[in-house]
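To start, the structure itself, in structure tokens.
There are 2 protein chains.
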Amino acid sequence: MTKIVVVYSGGMDSFTLINLALYDEHKVSAISFDYGQKHKKELSIARDFCKSNLINLEVVDISAIKPLLKGSALTDEIEIPKGHYEDQTMKATVVPNRNMIMISLAIAHAISIDFEEVWYGAHTGDHAIYPDCRPEFLESINNTSKLANYESIEVKAPFINLTKGQILSKGLDMNLDYSQTWTCYEGKEQACGKCGSCVERLEAFSENNTRDPIQYSI
Amino acid sequence: MTKIVVVYSGGMDSFTLINLALYDEHKVSAISFDYGQKHKKELSIARDFCKSNLINLEVVDISAIKPLLKGSALTDEIEIPKGHYEDQTMKATVVPNRNMIMISLAIAHAISIDFEEVWYGAHTGDHAIYPDCRPEFLESINNTSKLANYESIEVKAPFINLTKGQILSKGLDMNLDYSQTWTCYEGKEQACGKCGSCVERLEAFSENNTRDPIQYSI
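Protein chains in written order, with our numbering: chain A, 1 to 218; chain B, 1001 to 1218.
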């Protein structure tokens, strides 16, 4: 049994990740970030899941850093690009240094509650556009983490070599209910089905020959 | 001319650092953090200096992360330890993962304003008690920074092999006015002269055979 802080956004990857940790009978504490993103619905869905599963969740309001994060469609008034996630246009969704910021705060939290590891949900589908989801970044930040404090906190991304479809497959094997997740970058009542994030989600369900249980506006 | 984001606390090390960058005719933008520390006076002194020197300063309020940072005398109701900075008791002043958090945010800011480097004021006196002020940490976080984003932001700590006395010596050579700095961990009108931070400051002035221009309550 390991004590793990899971960076949990409410999306399907980190939902599968937190459930994997529970499935393997680790002790889990979740951390979510409010960084001024448009899609706050993922935060409320994260809260609901943790509440009903008696998992401690820290929602850290770092929206005060919003002025630092210029030029991202996720936080600014730039239109969310439509199309496939791996397209060059999706680079507009990159929040500068996002994973390094979130992992740094998760490490601080792990230390303060005497936990041993930090997990985050990077996967191969992210590699194309997010440098901070690549294995070489993970290896480096894990090394930095161990040097940064007296407590040696291990940073892991158990899905880093899996596709989103493979992650979903793992989750379906665990009988997870994906209606408890939120993926769309637009923060509306129903998922748009058009943004890169929705397109990628729908592809993952299609690969697994399964119907996505959430409702789409298309 | 390099464009540098300087992590600037208002203390004498980062004051010397920002002035070194200006002296070498670099373009400077300063970043300070309000993380719920008791000694807020260093923030107001940082604001005054930047204002009078026409330097852009971002004061980032990350006090919302305070609940994550348990067990530190700088943010909690633990008494600030008296005595020498290198003593074991001074470990109580360690905020978990502080430099990794601040540097991560400074990197994000550098990217958003199209700057090239992040400087912070670690020095040899810090090595004994702060793992995140050691050269191996610097090397690792610099590597992580370069892997984390499309923009390769260099992280530097120009004073990492200098003592506080040697940093002060550099500053005195540049004719800097150290009445524009604040060091004491207690946030009172006059510096206490007793906390580890004050003791170390007074030693640095003594080593340079110079009188500290600030007022002490002892």
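Beta carbons: idealized from backbone N, C-alpha and C, even for Gly. Every value quoted in this text rests on a predicted model; they were computed, and no experiment measured them.
Would you mind telling me which residues of chain A sit closer than 8 Å to residue i, beta carbon to beta carbon, in chain order?
i, result
"THR1144 (chain B)", "MET100, PHE137, SER140, ILE141, ASN143, THR144"
"ILE1062 (chain B)", "ILE62, ALA64, ILE65"
"ALA1204 (chain B)", "Chain A residues near ALA1204 (chain B): none, gap ~26 Å exceeds 8 Å."
For residue i, return the contacting residues in chain A, with the cut-off set at a CB-CB distance below 7 Å.
i, result
"VAL1105 (chain B)", "Just to set this straight, residue 1105 (chain B) is Leu in the shown sequence, not Val. Within chain A, the residues near LEU1105 (chain B) are ILE65, LEU68, ILE101."
Considering only heavy atoms of the ligand ATP, does any lie closer than 8 Å to the CB of residue i?
i, result
"PRO1131 (chain B)", "Ligands are entirely absent from the displayed structure, and the ligand ATP is therefore not among its contents."
Buried or exposed for residue i, going by 16 or more other Cβ atoms inside 10 Å?
i, result
"ILE1218 (chain B)", "exposed"
"MET90 (chain A)", "Because MET90 (chain A) carries a pLDDT of 44, less than 50, the predicted location of this residue cannot be relied on, and no value is offered for it."
"SER1052 (chain B)", "exposed"
"ILE96 (chain A)", "The amino acid occupying residue 96 (chain A) in the given sequence is Pro; Ile does not appear at that position. Answer is buried; the Cβ neighbour count reaches 16."
"PRO1213 (chain B)", "exposed"
"THR1210 (chain B)", "exposed"
"GLU117 (chain A)", "buried"
"TYR8 (chain A)", "buried"
"LEU20 (chain A)", "buried"
"PRO227 (chain A)", "It is not possible to answer for residue 227 (chain A), since the shown part of chain A is limited to 1 through 218."
"ASP1126 (chain B)", "buried"
"TYR120 (chain A)", "buried"
"ASN1099 (chain B)", "buried"
"MET12 (chain A)", "buried"
"SER44 (chain A)", "exposed"
"ASN1175 (chain B)", "exposed"
"SER1072 (chain B)", "Any reading at SER1072 (chain B) needs caution, since the residue's pLDDT is 48, under 50, leaving its predicted position unreliable; the model's value is listed next. Flag for SER1072 (chain B) reads buried."
"ASN1161 (chain B)", "exposed"
"ASN1056 (chain B)", "exposed"
"MET1001 (chain B)", "exposed"
"LEU105 (chain A)", "buried"
"ASP173 (chain A)", "exposed"
"TYR1150 (chain B)", "exposed"
"GLU58 (chain A)", "buried"
"SER152 (chain A)", "exposed"
"LEU138 (chain A)", "buried"
"GLU25 (chain A)", "exposed"
"GLU1077 (chain B)", "Reliability of the predicted coordinates at GLU1077 (chain B) is poor, the pLDDT of 49 falling under 50, and no value is obtained from them."
"GLU1136 (chain B)", "exposed"
"SER197 (chain A)", "buried"
"SER179 (chain A)", "exposed"
"THR93 (chain A)", "Low confidence applies to THR93 (chain A): its pLDDT is 47, below 50, so where it sits in the model is not reliable enough to give any reading."
"SER112 (chain A)", "buried"
"SER1029 (chain B)", "buried"
"SER1206 (chain B)", "exposed"
State the CB to CB distance for the pair residue i and residue j, rounded to an integer number of angstroms; the pair is presumed to be in contact (CB under 8 Å).
i, j, result
"GLY1010 (chain B)", "THR1181 (chain B)", "7 Å"
"LEU1017 (chain B)", "PRO1158 (chain B)", "7 Å"
"LYS1066 (chain B)", "GLY1187 (chain B)", "Contact flag wrong, Cβ pair sits at about 16 Å."
"LEU168 (chain A)", "ASN208 (chain A)", "5 Å"
"ALA64 (chain A)", "ILE1062 (chain B)", "6 Å"
"GLN1215 (chain B)", "GLN1190 (chain B)", "5 Å"
"VAL60 (chain A)", "ILE31 (chain A)", "6 Å"
"THR163 (chain A)", "HIS123 (chain A)", "7 Å"
For a contact meaning CB atoms closer than 8 Å, what does residue i contact in chain B?
i, result
"ASP132 (chain A)", "LEU1147, ALA1148, ASN1149"
"GLU58 (chain A)", "PRO1067, LEU1068"
Just the chain A side, please: which residues come within less than 9 Å of residue i by C-beta, in chain order?
i, result
"ALA1108 (chain B)", "ILE65, LEU68, LEU69, VAL95, PRO96, ASN97, ARG98, MET100, ILE101"
Looking at the C-beta of residue i, does it have a partner C-beta in chain E at a distance below 9 Å?
i, result
"ARG1201 (chain B)", "Reference to chain E is not applicable here, since the protein chains of this structure are A and B."
Residues in the region 1012-1027 of chain B having any Cβ partner in chain A nearer than 7 Å: none
Quick check on the DSSP output: what are the complete beta strand (DSSP E) runs of length 3 or more inside the region 1144-1174 of chain B, in order along the chain? 1154-1156
Residues of the region 144-172 of chain A with a CB closer than 9 Å to any CB of chain B: list them in chain order, please. THR144, SER145, LYS146, LEU147, ALA148, ASN149, TYR150, GLU151, ILE153
Entirely within the region 101-146 of chain A and at least 4 residues each: give me those alpha helix (DSSP H) ranges in chain order. 124-127
In chain order, each beta strand (DSSP E) run of at least 3 residues that lies wholly inside the region 32-60 of chain A: none
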